[in-house]
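Asker: Sharing a structure here in structure tokens format.
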Amino acid sequence: MTIDPHTHGLSTLCIHAGTHLDQATGGACSPIFTSTAYAFPNPANANIYPRYFNTPNQQVFNTPNQQVINRKLAALEKGEAALVFGSGMAAISTLLLAHLKPGDHAIFQNDLYGGSMRLISSELPRLGVQLSWGANVAEFAAALRPETRLIYVESPSNPLLHCIDLAELAALGKRHGVLSVIDNTFATPINQNPLALGIDAVIHSATKYLNGHSDVNAGVLVASAEIVNRVTASAVNFGGMLDAHACSQLERGLKTLALRVQRHNENAEALAGFLALHPAVSKVNYPGLPEHPEHAIAARQMRGFGGMLSFELRRPEQLDRLLSRLRIVMPALSLGGVESLICVPSRSTHRTMTPAERQRAGISDGLLRVSAGIEDVQDLIDDFTAALAME
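The sequence shown begins at 0 in numbering that gives the first Met the number 0 and counts up by one.
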């Protein structure tokens with residue numbers, strides 16, 4: 000079956016794009032190639048080795064039936080090529096180090112995921128890379144220098160759900176010859192395709208929605224073949240590859256991505272609306288709410304508003320009591336799984352930042368981040384209703 004990422008729908012791509020059609024058995028699922036030793040010479044004329052990111056469960060070879068996880072990911076994000084890593088941070092760090100050198104300048108959104116903030120703030124200056132920060136495209140444009148090489152954003156961002164005008168950002172990057180990069184983890188390729196808007200490279204923590212079952216750690220890069228080849232050249236030196244079994248689990252998770260994300264979207268939107276009207280809540284961050292400051296941007300570039308939201312309690316001192324009273328929503332790290340999770344960013348994802356850094360990023364001590372799962376939404380609302388009853 001020939002799958003065309005430009006004509007087939009997202010649900011079809013989730014299931015059929017990149018499936019290895021095993022000629023020996025005719026199996027419907029891609030087999031797991033566990034070997035770490037591959038013959039040479041071979042028909043591909045390649046040095047096949049896991050650290051080279053080119054074993055059958057990782058890579059697309061020249062033969063039509065060997066098109067596994069990378070092809071599926073590229074099809075979903077409308078890109079030329081993809082690369083899978085052992086974590087989202089491996090994907091982020093490898094892309095940055097492949098494109099930045101001493102003396103270069105890079106611009107970053109000022110409310111990124113805490114792990115990204117730590118990497119950027121601690122490692123890049125040590126390597127001689129100059130940093131600037133901004134909240135929107137106008138601020139990125141003002142920060143541009145002749146030595147600027149890269150602009151990096153999240154949209155929606157973690158955990159404040161800010162949205163960046165991606166078409167405007169892409170145009171800015173192209174005018175100045177600057178690489179534009181987005182972490183698209185929160186949106187997923189079901190809700191948003193930044194490459195189609197002109198962005199140069201897309202990153203995912205595949206640990207989250209792409210796998211979707213809280214049992215795989217992985218990262219993804221999707222971009223042009225030129226960018227992916229450049230990053231691959233660095234990746235083989237850094238060794239952040241994904242093993243064959245995890246590749247297989249990720250491929251399995253991707254098959255239900257479109258269905259899962261539809262329910263994530265519905266549940267998050269319902270929870271956001273409920274929390275926005277609750278007297279114990281002072282603020283809700285969700286791009287699907289009309290009062291969200293970037294709602295118009297999100298509505299223009301997203302097909303759905305995602306499964307993530309965050310909110311502030313009117314009485315932050317009640318935070319621990321709320322967490323202890325939840326029975327379905329699980330206080331835990333991570334996000335994007337089938338189960339609903341809640342965490343306190345100041346104590347988890349952003350805990351290593353100083354109070355001043357958290358203040359700059361807008362991360363208060365009373366902020367709660369919710370990953371809406373795929374449970375029955377009324378059960379989730381009832382769980383929050385009981386937990387928020389602070390008599």
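Ideal Cβ positions, reconstructed from N, Cα and C, are used throughout, including at glycine.
Could you compute how far the alpha carbon of CYS162 sits from the alpha carbon of ASP382?
Answerer: Translated into the one-based positions of the sequence shown, residue 162 becomes position 163. Translated into the one-based positions of the sequence shown, residue 382 becomes position 383. If I take the Cα positions, the gap works out to 29 Å.
Asker: Cβ atoms of ILE327 and ASP378: under 9 Å apart, would you say?
Answerer: The sequence position of residue 378 within the sequence shown is 379, counting from 1. The sequence position of residue 327 within the sequence shown is 328, counting from 1. Yes.
Asker: In this structure, how does DSSP classify PRO55 when only helix, strand and coil are distinguished?
Answerer: The residue labelled residue 55 in the question sits at position 56 within the sequence shown. Note: PRO55 maps to coil in three-state DSSP.
Asker: Out of LEU143, ALA186, ASP364 and LEU160, state which residue places its alpha-carbon closest to the alpha-carbon of LEU168.
Answerer: By one-based count along the sequence shown, residue 168 stands at place 169. The candidate whose alpha carbon is nearest that of LEU168 is LEU143.
Asker: Rounded to the nearest angstrom, what separates MET240 and ILE198 at their Cα positions?
Answerer: If you number the sequence shown from 1, residue 240 lands on position 241. If you number the sequence shown from 1, residue 198 lands on position 199. The straight-line gap from Cα to Cα measures roughly 24 Å.
Asker: If you draw a straight line from the C-alpha of VAL278 to the C-alpha of GLU311, how long is it?
Answerer: As a first step, residue 278 must be located in the sequence shown, where it is residue number 279. As a first step, residue 311 must be located in the sequence shown, where it is residue number 312. The sequence shown places Pro at residue 278, rather than the Val named in the question. Distance between the alpha carbons of PRO278 and GLU311 is about 11 Å.
Asker: Looking only at C-alpha atoms, which of PRO124, ALA27, ALA195 and ALA36 sits nearest to GLY78?
Answerer: Sequence index remark: in the sequence shown, residue 78 carries index 79 (1-based). Looking at the Cα atoms, ALA195 is the closest of the given residues.
Asker: Secondary structure at ALA200, three-state DSSP: helix, strand or coil?
Answerer: Numbered from its first residue, the sequence shown carries residue 200 at position 201. Three-state result, ALA200: strand.
Asker: Going residue by residue through the stretch 96–141, where are the continuous alpha helix (DSSP H) segments of at least 4 residues, counting only ones entirely within it?
Answerer: Within the stretch 96–141, the complete alpha helix (DSSP H) runs of at least 4 residues are 113–125.
Asker: ALA97 and ARG229 look like a contact to me (Cβ under 8 Å); what is the Cβ gap, rounded to whole Å?
Answerer: Taking the first residue of the sequence shown as 1, we reach residue 97 at position 98. Taking the first residue of the sequence shown as 1, we reach residue 229 at position 230. Contact flag correct, Cβ pair sits at about 5 Å.
Asker: Just to check my reading of the structure: GLY87 and SER204 have Cβ atoms closer than 8 Å, yes? What is that Cβ distance to the nearest angstrom?
Answerer: Here residue 87 refers to the residue found at position 88 when the sequence shown is read from its first residue. Here residue 204 refers to the residue found at position 205 when the sequence shown is read from its first residue. With 8 Å as the limit, GLY87 and SER204 qualify as a contact, their Cβ atoms being about 3 Å apart.
Asker: Between the stretch 107–121 and the stretch 148–160, are three or more C-beta pairs nearer than 8 Å?
Answerer: A contact exists between the stretch 107–121 and the stretch 148–160.
Asker: State whether the stretch 244–263 contacts the stretch 278–297, with contact taken as three or more CB pairs (one from each stretch) at a distance under 8 Å.
Answerer: No: fewer than three Cβ pairs fall under 8 Å.
Asker: Once the 5 residues before and after SER281 are set aside, which same chain residues still bring their CB inside 6 Å of it?
Answerer: Stepping through the sequence shown from its first residue, residue 281 is reached at position 282. Correct list, in chain order: GLU311 and ARG313.
Asker: Could you check where the alpha helix (DSSP H) with CYS13 kicks off and where it finishes?
Answerer: Translated into positions along the sequence shown, residue 13 becomes position 14. Looking at the DSSP string, the run of the alpha helix (DSSP H) that includes CYS13 is 9–15.
Asker: DSSP on PHE60, reduced to helix/strand/coil?
Answerer: Position 61 of the sequence shown holds residue 60. Low per-residue confidence applies at PHE60: pLDDT is 41, beneath 50, and the placement is therefore not dependable, though the value from the model is reported in the following sentence. If DSSP states are grouped into helix, strand and coil, PHE60 belongs with coil.
Asker: Considering Cα atoms alone, identify which of ASN109, ALA371, LEU9 and PHE32 is closest to ALA269.
Answerer: Sequence index remark: in the sequence shown, residue 269 carries index 270 (1-based). ALA269 has its Cα closest to that of ALA371, out of ASN109, ALA371, LEU9 and PHE32.
Asker: Go through its chain and collect everything with a Cβ distance to GLY365's Cβ below 7 Å, but skip five positions before and after it.
Answerer: The residue labelled residue 365 in the question sits at position 366 within the sequence shown. Counting only Cβ-Cβ distances below 7 Å, and skipping sequence neighbours, we find GLU311, LEU312, PRO315 and LEU318.
Asker: DSSP has ASP182 in a bridge; who is on the other side?
Answerer: Sequence index remark: in the sequence shown, residue 182 carries index 183 (1-based). Its beta-bridge partners are GLU153 and ILE202.
Asker: For SER158, is the classification buried or exposed, using 16 other Cβ atoms within 10 angstroms of its Cβ as the cut-off for buried?
Answerer: Here the question's residue 158 lines up with position 159 in the sequence shown. The identity of residue 158 in the sequence shown is Pro, whereas the question assumes Ser. The residue in question, PRO158, is buried, as its Cβ has 16 or more Cβ neighbours within 10 Å.
Asker: Find out if the Cβ-Cβ distance for the pair THR93, LEU220 is shorter than 9 Å.
Answerer: Stepping through the sequence shown from its first residue, residue 93 is reached at position 94. Stepping through the sequence shown from its first residue, residue 220 is reached at position 221. For THR93 and LEU220, yes; Cβs fall inside 9 Å.
Asker: Between which two residues does the alpha helix (DSSP H) harbouring PHE273 extend?
Answerer: Sequence index remark: in the sequence shown, residue 273 carries index 274 (1-based). Counting along the chain, the alpha helix (DSSP H) containing PHE273 begins and ends at 256–275.
Asker: Roughly how many angstroms separate the alpha carbons of GLY306 and SER339, rounded to a whole number?
Answerer: Here residue 306 corresponds to residue number 307 of the sequence shown, with the count starting at 1. Here residue 339 corresponds to residue number 340 of the sequence shown, with the count starting at 1. Taking the straight line from one Cα to the other gives about 10 Å.
Asker: Buried or exposed for SER121, please, with buried defined as at least 16 other CB atoms from any protein chain shown within 10 angstroms of its CB.
Answerer: One-based indexing of the sequence shown puts residue 121 at position 122. Its Cβ having fewer than 16 others within 10 Å, SER121 is exposed.
Asker: Of all the options GLY272, ARG368 and PRO4, which has the alpha carbon lying nearest to the alpha carbon of GLU76?
Answerer: Within the sequence shown, residue 76 is the residue found at index 77, counting from 1. GLU76 has its Cα closest to that of PRO4, out of GLY272, ARG368 and PRO4.
Asker: If ARG70 sits next to GLY238, beta carbons under 8 Å apart, how far is it from one beta carbon to the other, in whole angstroms?
Answerer: Numbered from its first residue, the sequence shown carries residue 70 at position 71. Numbered from its first residue, the sequence shown carries residue 238 at position 239. The Cβ separation is near 23 Å, so there is no contact.
Asker: Out of curiosity, what's the CA-to-CA distance linking PRO292 and VAL136?
Answerer: Position 293 of the sequence shown, counting from 1, holds the residue named residue 292. Position 137 of the sequence shown, counting from 1, holds the residue named residue 136. Cα to Cα, the separation comes out at about 15 Å.
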